[in-house]
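Since the structure comes first, as structure tokens, the remarks are kept for the end.
2 protein chains.
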Amino acid sequence: MNRTDNRETRRHDITEAVLRVMTRSGLHAVTMRAVAAEAGVSLRLVQHYFETKQHLMHTTLNRLTEEMTQRLRTRLTGAHRPRDVMEAVLAEAVPTDERSRAFHLAYTSYAVLAVTDETLAAHPFLNAPDAMETFVTRQLTRARDDGDLAPGLDPRTEAVTLLATAAGLGVAVLAGQRTPQEATAILHSGLARLFPNPASPGEQGEATAEEGGHK
Amino acid sequence: MNRTDNRETRRHDITEAVLRVMTRSGLHAVTMRAVAAEAGVSLRLVQHYFETKQHLMHTTLNRLTEEMTQRLRTRLTGAHRPRDVMEAVLAEAVPTDERSRAFHLAYTSYAVLAVTDETLAAHPFLNAPDAMETFVTRQLTRARDDGDLAPGLDPRTEAVTLLATAAGLGVAVLAGQRTPQEATAILHSGLARLFPNPASPGEQGEATAEEGGHK
DNA sequence: ACGTATACGGTACGGTTGTATCAACATTGT
DNA sequence: ACAATGTTGATACAACCGTACCGTATACGT
């Protein structure tokens with residue numbers, strides 16, 4: 002094992018500890034000491050690999066974001082028709098497994114912090130909604146041009162509505178007020194309203210079929 | 002001025018200071034010392050009127066909740082038809098003035114905390130969504146029975162969707178990502194979808210007419 | 001009028017935080 | 001082999017937190 006490999010392993014273990022602490026006890030409980038204890042290393046070690054706490058959080062969040070982006074990209078593979086794309090997007094918009102739960106919790110926690118800290122508001126972490134909105138709007142516009150969208154709907158309005166609904170449901174799921182199954186069902190009904198014609202039968206159907214089944 | 006009057010004034014001033022600090026710097030910045038400084042009193046005084054910090058937060062949140070409930074009740078006065086009721090509910094569902102902004106920020110902050118602290122999840126502060134959901138569901142059910150609701154819609158599904166959308170938009174407005182006007186416009190379009198017939202013209206029209214106009 | 005409860009100020013205490021300092025040890029390049 | 005560099009530990013430090021303690025003054029009931 003190379004020394005730089007070892008270094009990378011250490012850094013990975015520590016960022017994983019950050020996510021565990023945050024998922025279990027919340028963002029405010031993520032202290033340098035708590036992370037060190039969770040990772041089973043000394044405080045000094047955490048300091049060594051991530052000079053400052055801000056640096057530690059930054060890389061942890063970046064890695065998690067990268068992972069979730071990759072997850073969505075994978076799910077998006079082969080989804081060509083706008084409805085299939087929307088299906089994939091909404092499937093990731095709600096926290097189901099522990100991993101996506103950590104992501105949503107981290108994201109929401111930071112979003113709340115950014116409300117009163119304009120320094121944090123500049124974080125690239127928080128640009129995702131804008132990008133997602135234009136992306137979804139484009140998909141719905143394409144669907145309208147293809148004649149797949151229900152008549153009389155404004156793509157941008159529907160995009161904003163759908164994303165806001167997904168965000169609201171995501172928080173509700175986080176808070177344990179709603180089950181992931183309920184949330185995805187609600188989102189599906191919203192999607193069914195936008196697309197009068199049934200979803201594509203065989204090609205990409207798996208994404209909708211086994212949803213809500215795996216814990 | 003009576004002593005108990007004075008006491009009440011003091012307590013009011015201090016809880017107002019709590020809200021100002023929270024609105025300006027976030028919930029995490031609400032410390033006993035910061036509140037004392039904001040209110041222009043000594044730390045000991047804050048301790049005197051609210052034994053513990055938990056007690057201080059509890060009464061502050063209760064008072065704010067009571068105020069917002071009263072606000073909604075006032076807006077609900079004279080709104081009899083389900084659509085008018087929904088109009089009133091949605092008008093309060095988005096932070097517009099500074100007061101409602103404080104309320105939404107407080108609520109969201111606590112909701113995020115409650116995700117990882119089941120002790121906090123029992124707080125009555127967090128029962129509002131459930132109550133609101135059954136209330137809205139009841140309104141939509143009544144609208145359906147009256148034939149005012151668009152056909153083929155499930156009242157409960159639409160209620161959950163509408164509230165989740167309002168919650169998502171509320172956070173977006175808090176974060177400065179969306180203006181209150183945009184948010185209310187989106188919510189109105191959602192309402193227009195549920196109620197095919199136009200809103201009541203004269204009787205309660207003011208609630209919809211001057212919306213988004215007053216700062 | 002007087003004793004007592006309330007109102008208030010200053011300050012101290014124990015705990016936790018992020019970060020810095022001082023050492024010891026291992027690994028690597030030459 | 002040795003100097004240099006990276007790795008790990010223990011501990012210290014200044015700042016902050018909520019709360020407790022010790023006073024004094026003011027206002028009230030009787």
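Taken in sequence, the protein lines are chains A and B. Here my numbering runs 1 ahead of the position in the first sequence, where the first position is 1. Here my numbering runs 1 ahead of the position in the second sequence, where the first position is 1. For each residue, glycine too, the CB sits at the ideal point set by N, CA and C. Keep in mind that this is a model prediction, so the values were computed, not measured.
Thr138(B) sits buried, since 16 or more C-beta atoms from the chains shown fall within 10 Å of its C-beta. Listed along the chain, the chain A residues whose CB falls inside 8 Å of the CB of Ile187(B) are Thr158, Val161, Thr162, Ala165. For the segment 15-28 of chain A, the residues whose beta carbon sits under 9 Å from a beta carbon of chain B are, in order, Met23, Thr24, Arg25, Ser26, Gly27, Leu28.
Identification of chain A residues near Thr66(B) by a Cβ-Cβ cut-off of 7 Å yields none; the smallest Cβ-Cβ distance measures about 17 Å.
Note on geometry: alpha-carbon atoms of Leu20(A) and Glu52(B) lie some 35 Å from one another. Against Gln178(B), the close residues of chain A are Pro130, in the order they occur along the chain (beta-carbon pairs closer than 7 Å). In this structure, Thr16(A) lies away from Ile187(B), with their beta-carbon atoms at least 7 Å apart. Taking a Cβ-Cβ threshold of 9 Å, none of the residues of chain A is close to Ala40(B); the smallest such distance is about 19 Å. Taking a Cβ-Cβ threshold of 8 Å, the residues of chain A close to Ser110(B) are Val113, in chain order.
Taking the Cβ atoms as the reference, Leu121(B) lies roughly 5 Å from Leu114(B), within the contact range of under 8 Å. Taking a Cβ-Cβ threshold of 7 Å, none of the residues of chain B is close to Val137(A); the smallest such distance is about 13 Å.
Using a Cβ distance threshold of 7 Å, Arg74(B) and Phe196(B) do not count as a contacting pair. Linking His13(B) to His56(B) through their CA atoms gives a straight-line distance of about 14 Å. With respect to the 7 Å criterion, Leu170(B) and Ser110(B) are not classified as neighbours on the basis of their beta carbons. Here Ala89(B) really is in contact with Leu77(B); their C-beta atoms are around 5 Å apart, less than 8 Å. Straight through space, the alpha carbons of Pro199(B) and Ser190(B) are spaced by roughly 12 Å. Scanning His81(A), Ala160(A), Lys54(A) for the CA closest to the CA of Ala132(A) turns up Ala160(A). As the crow flies, the alpha-carbon of Leu127(B) is around 30 Å from that of Ala123(A). By the rule that beta-carbons nearer than 7 Å mark a contact, Gly153(A) does not touch chain B. Around the beta carbon of Thr117(A), 16 or more other beta carbons lie within 10 angstroms, which makes this residue buried. Judged by beta-carbon spacing, Val31(A) lies beyond the 7 Å limit of Val42(A), meaning their Cβ atoms are not closer than that value.
The beta-carbon of Leu150(B) is placed no less than 7 Å from the nearest beta-carbon of chain A. Residue burial annotation: Gln71(B) is exposed, with fewer than 16 other C-beta atoms found within 10 angstroms of its C-beta. Every alpha helix (DSSP H) of 4 residues or more that sits fully in the segment 113-153 of chain A is shown, in chain order, as 119-122, 129-146.
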